[in-house]
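Asker: In the working numbering, each residue carries its 1-based index in the sequence shown increased by 390.
No residue lacks a Cβ here, since even glycine has one placed at the ideal position from N, Cα and C.
One structure coming up, written as structure tokens, with questions to follow.
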Amino acid sequence: MSSVTSRAIHIAQHGGPEQLQLVQVIVGEPGPGEVRIRHHAVGLNFIDVYQRSGLYPMNLPVQLGMEAAGVIEAVGEGVSHLKVGDRAAYASQPPGSYCEVRVMPAKCVCKLPDGISFETGAAMMLKGLTAQYLLKRTLPQGGLQAGDFVLFHAAAGGVGLIACQWAKALGLRLIATAGSEEKCALALANGAEHAINYRAEDFAARVKEITGGKGVKVVYDSVGKDTWDKSLDCLAPFGLMASFGNASGPVAPFSPGILGTKGSIYVTRQTLFTHIATRESTQAMADDLFDMVLSGKVKIHIAQRYALEDVQQAHKDLEARLTTGCTILTL
Ligand SMILES: NC(=O)c1ccc[n+]([C@@H]2O[C@H](COP(=O)([O-])OP(=O)(O)OC[C@H]3O[C@@H](n4cnc5c(N)ncnc54)[C@H](OP(=O)(O)O)[C@@H]3O)[C@@H](O)[C@H]2O)c1
Numbered sequence: 391m392s393s394v395t396s397r398a399i400h401i402a403q404h405g406g407p408e409q410l411q412l413v414q415v416i417v418g419e420p421g422p423g424e425v426r427i428r429h430h431a432v433g434l435n436f437i438d439v440y441q442r443s444g445l446y447p448m449n450l451p452v453q454l455g456m457e458a459a460g461v462i463e464a465v466g467e468g469v470s471h472l473k474v475g476d477r478a479a480y481a482s483q484p485p486g487s488y489c490e491v492r493v494m495p496a497k498c499v500c501k502l503p504d505g506i507s508f509e510t511g512a513a514m515m516l517k518g519l520t521a522q523y524l525l526k527r528t529l530p531q532g533g534l535q536a537g538d539f540v541l542f543h544a545a546a547g548g549v550g551l552i553a554c555q556w557a558k559a560l561g562l563r564l565i566a567t568a569g570s571e572e573k574c575a576l577a578l579a580n581g582a583e584h585a586i587n588y589r590a591e592d593f594a595a596r597v598k599e600i601t602g603g604k605g606v607k608v609v610y611d612s613v614g615k616d617t618w619d620k621s622l623d624c625l626a627p628f629g630l631m632a633s634f635g636n637a638s639g640p641v642a643p644f645s646p647g648i649l650g651t652k653g654s655i656y657v658t659r660q661t662l663f664t665h666i667a668t669r670e671s672t673q674a675m676a677d678d679l680f681d682m683v684l685s686g687k688v689k690i691h692i693a694q695r696y697a698l699e700d701v702q703q704a705h706k707d708l709e710a711r712l713t714t715g716c717t718i719l720t721l
């Protein structure tokens, strides 16, 4: 039996943050196509909340967490892109990153460039690869060109602040929404051209005003239930509604007829895991992200740090909209 042990966070049933329990686990040797990685830092993501609550049902018990960075400690048969001692980071299925050391499929684990710290790597992989596929691969008919308006909800959050900077680097005119004046200021400081406090203002009316009545080419919407209807009203004809999350709850079923009356618009629901389904696509997207971070065009803001054993508080704060930028769990 393996003598490697780890502190880890498990849930035995779905529910509130109190379900997150610190346990001690035995970690085995990597099998074919797997690596064992010793984490230096772990990323917190909103998907962890969905998996904990049961919005995304899981086979239980389960070790949560989808993002981390650390050092490769053992390599299974057939893994050629990583070796023992490599610095590495990942956003990946299956969950299990809330721990000190784990065994996992190597496919989504990427070598971390020397110029990027473990904490930054842990904070940015899931959120940065998401910003990458949204702005570079989730496009309206004819693509996005410099000067085009896009609307990005929850723009002061983890994915949001990365997207603000990346959009600016692409020459896009990003209109941000966020839940307070302070969060709006943060989005503006990170490259948004306009910011709307959607808890205080009618964001659809403001978007119409900002775009001279034309609307935006894409709405990137991770808020879901609360923003869906008005987001459709923000789109230019043939625009794209890119839904990628449900922080306020899932979007209600709707009739496709509405897409016609709103201007022959398109709707898509995207998930990162389709984009990183292969080693090649994961590496290509990660290389793009690493370039943006190493060039300084995208800065990763780690605004909150919690010890692994304080993960319940981290979940409470994320759900209560008290966080900005990225959050990591320290070990
Ligand atoms: N599909 C994918 O591939 C993919 C990948 C990564 C992330 N996501 C989604 O993208 C979103 C952002 O992820 P993240 O980890 O970076 O989280 P985050 O943006 O740091 O946190 C979520 C934010 O959503 C906003 N929000 C609006 N209504 C809310 C409500 N009722 N309850 C809680 N939050 C609410 C809050 O910002 P304000 O206070 O400013 O409103 C909150 O800070 C999440 O919905 C996540 O599921 C999807």
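Going by the beta-carbon positions, is the gap between residue 622 and residue 655 smaller than 8 Å?
Answerer: Yes. Within cutoff.
Asker: Can you grab the Cα-Cα spacing for the pair residue 635 / residue 647, in whole Å?
Answerer: Their backbone Cα atoms lie some 23 Å apart in a straight line.
Asker: Distance check for residue 693 and residue 713, CA to CA, integer angstroms please.
Answerer: Each residue's Cα considered, the two are about 7 Å apart.
Asker: Note down, in chain order, each residue of its chain lying with its Cβ closer than 7 Å to the Cβ of residue 370, except the 5 sequence neighbours on either side.
Answerer: The structure shown does not extend to residue 370, since the chain spans only 391 to 721, so no value can be given for it.
Asker: Kindly give me the distance between the Cβ atoms of residue 488 and residue 698, rounded to whole angstroms, as I take these residues to be in contact under 8 Å.
Answerer: So it is a contact: roughly 7 Å between Cβ atoms.
Asker: DSSP state of residue 510, grouped into three classes?
Answerer: Looking at residue 510 - three-state DSSP - the assignment turns out to be helix.
Asker: May I ask which residues mark the beginning and end of the alpha helix (DSSP H) holding residue 706?
Answerer: Per DSSP, residue 706 belongs to the alpha helix (DSSP H) from 701 to 709.
Asker: Output the distance between the C-alpha atoms of residue 598 and residue 624, rounded to the nearest integer angstrom.
Answerer: Roughly 7 Å separates the two Cα atoms.
Asker: Should the segment 528 to 537 be regarded as contacting the segment 501 to 508, the criterion being three or more beta carbon pairs within less than 8 Å?
Answerer: As far as the Cβ criterion goes, the segment 528 to 537 does not touch the segment 501 to 508, which means the pair count is below three.
Asker: Out of 605, 689, 545, 460, which one is the CA nearest neighbour of residue 573?
Answerer: Residue 545 is the option with its Cα nearest to residue 573.
Asker: How is residue 498 classed by DSSP in three states: helix, strand or coil?
Answerer: Residue 498: coil per DSSP, three-state reduction.
Asker: Just tell me which of 393, 402, 608 has its CA closest to the CA of residue 418.
Answerer: Among 393, 402, 608, the Cα nearest to that of residue 418 belongs to 393.
Asker: Hey, is the segment 452 to 470 in contact with the segment 544 to 564, meaning 3+ C-beta pairs nearer than 8 Å?
Answerer: Touching, no, given that fewer than three Cβ pairs across the two stretches are closer than 8 Å.
Asker: For residue 672, does the count of other Cβ atoms within 10 angstroms reach 16, so buried, or fall short, so exposed?
Answerer: Answer is buried; the Cβ neighbour count reaches 16.
Asker: Give me the residue from 564, 645, 539 with the minimum Cα distance to residue 604.
Answerer: That would be 539, whose Cα lies nearest to the Cα of residue 604.
Asker: Nearest CA to the CA of residue 427: which residue from 450, 685, 495?
Answerer: Residue 495 is the option with its Cα nearest to residue 427.
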